[in-house]
Amino acid sequence: MNYQHVIDGKKSAHTVGKVVCVGRNYAAHARELNNPIPDQPVLFIKPSTALASVQAPIAIPPHMGACHFEIELAILIGKPLSRGCCESQAEQALAGVGLALDLTLRDLQQQLKESGLPWEKAKAFDGACPLSEFVGIESVNNIQDLDIRLSQNGELRQQGNTGQMLMPVLALLVYTTQFFSLQPGDVLLTGTPSGVGPLRSGDQLELSLSKLLRATTTVR
Ligand code: ZN
Numbered sequence: 041m042n043y044q045h046v047i048d049g050k051k052s053a054h055t056v057g058k059v060v061c062v063g064r065n066y067a068a069h070a071r072e073l074n075n076p077i078p079d080q081p082v083l084f085i086k087p088s089t090a091l092a093s094v095q096a097p098i099a100i101p102p103h104m105g106a107c108h109f110e111i112e113l114a115i116l117i118g119k120p121l122s123r124g125c126c127e128s129q130a131e132q133a134l135a136g137v138g139l140a141l142d143l144t145l146r147d148l149q150q151q152l153k154e155s156g157l158p159w160e161k162a163k164a165f166d167g168a169c170p171l172s173e174f175v176g177i178e179s180v181n182n183i184q185d186l187d188i189r190l191s192q193n194g195e196l197r198q199q200g201n202t203g204q205m206l207m208p209v210l211a212l213l214v215y216t217t218q219f220f221s222l223q224p225g226d227v228l229l230t231g232t233p234s235g236v237g238p239l240r241s242g243d244q245l246e247l248s249l250s251k252l253l254r255a256t257t258t259v260r
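Sequential numbering from 41 applies to the sequence shown in the numbering used here.
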């Protein structure tokens, strides 16, 4: 794996770690998949081998059914956080913000869900987490007021604002550390707004985060 985090145009000194993801953190997305809105966050992990630069062409795993895009605000962790931390410690640990695609093998995930089995094969496969560069946290006015957009072949598919999260970023970090300590170089994905859908070979995707970030990529 040759992925490395990039922040403000420079390679990050932090080792690339795990990605902790939250499912169903936007009510409209929970509804579109006919999922109940959870009373506790749904957490899952993608290993470092799932990471790739979003600019590299995305490869859809063959013969595994639909592979959906889910655009998400990604948080780069810059300081260790562990159980018992408070929101101000979580705030100190924010290094930067970026955009991720939480690629999901939706048909496989549906089969696993129906069988009561864990989602890893559908969510944590190699390349399942394309990530943009990060913007240093100093450049962010309000992390809970960022616009997230994804267009597929010029058509707007996903549009949300981080103010719509059911659990905001700092509370999510505190909740996460009840189960998983976070290390510098780890990433938190914060859930996707509604509008998810399947990737197709040859797609052109454009991702943006307010005026902070813009990235384009293609699907092989
Ligand atoms: Zn997601």
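Yeah, the Cβ is synthetic: ideal placement off N, Cα and C, and Gly gets one too.
For residue i, which option in the options has the closest C-alpha, if you only look at C-alpha atoms?
| i | options | result |
| --- | --- | --- |
| VAL214 | GLY136, GLU131 and PHE174 | GLU131 |
| PHE165 | LEU145, ALA114 and SER128 | LEU145 |
| PRO170 | GLN198, VAL259 and ARG64 | VAL259 |
| GLN29 | ASN74, LEU83 and LEU253 | Residue 29 lies beyond the residue range present for the chain, which begins at 41 and ends at 260; the question has no answer from this structure. |
| PRO78 | ILE183, ILE115, VAL180 and LEU206 | LEU206 |
| THR202 | SER221, GLY235 and ASP187 | ASP187 |
| ARG64 | GLN44, GLU112, GLY105 and HIS54 | GLU112 |
| PHE220 | LEU121, ILE98 and THR230 | LEU121 |
| ALA92 | VAL82, ILE117, ILE47 and ALA140 | ALA140 |
| ASN181 | TRP159, LEU196, LEU249 and ALA90 | LEU249 |
| TYR66 | LEU245, ARG240, VAL236 and LEU247 | VAL236 |
| GLY167 | SER88, LEU245 and LEU83 | SER88 |
| LEU222 | GLU110, PRO158, ILE117 and GLU246 | ILE117 |
| LEU83 | GLN244, VAL209, LEU157 and VAL60 | VAL60 |
| GLU246 | GLY194, ARG240 and SER234 | GLY194 |
| TYR43 | ALA255, GLN244, ALA70 and ALA90 | ALA90 |
| SER241 | VAL56, PRO76 and PRO97 | PRO97 |
| GLN204 | THR55, PRO102, SER179 and ALA70 | ALA70 |
| SER179 | VAL56, TRP159, LYS251 and GLN244 | LYS251 |
Below 8 Å between beta carbons: does that hold for residue i and residue j?
| i | j | result |
| --- | --- | --- |
| ILE85 | LYS58 | yes |
| VAL137 | THR257 | no |
| LEU143 | ILE177 | no |
| LYS119 | PRO224 | yes |
| GLN198 | LEU190 | yes |
| SER172 | LEU253 | yes |
| CYS107 | ILE115 | no |
| VAL62 | THR217 | no |
| GLY105 | LEU152 | no |
| VAL209 | ASP48 | no |
| GLU110 | SER234 | no |
Buried or exposed for residue i, please, with buried defined as at least 16 other CB atoms from any protein chain shown within 10 angstroms of its CB.
| i | result |
| --- | --- |
| ASP226 | buried |
| GLN192 | buried |
| GLU154 | exposed |
| THR232 | buried |
| SER52 | buried |
| LYS163 | buried |
| HIS45 | buried |
| ALA68 | exposed |
| GLY200 | buried |
On the DSSP bridge assignment, give the partners of residue i in chain order.
| i | result |
| --- | --- |
| GLN244 | THR258 |
| TYR66 | MET205 |
| ILE47 | LYS50 and PHE174 |
| ILE111 | LEU141 |
| ILE100 | DSSP output for ILE100 lists no bridge partner at all. |
| SER191 | LEU196 and GLU246 |
| LYS161 | None; LYS161 has no bridge partner. |
| ALA92 | PRO170 |
| PRO233 | DSSP lists no partner for PRO233. |
| GLY136 | LEU116 and GLY176 |
Does any C-beta atom of chain C lie closer than 8 Å to the C-beta of residue i?
| i | result |
| --- | --- |
| ARG254 | Absent from the structure: chain C. Only one protein chain is present. |
Are there three or more Cβ pairs, one per stretch, closer than 8 Å when the stretch 114-127 is compared with the stretch 210-224? yes
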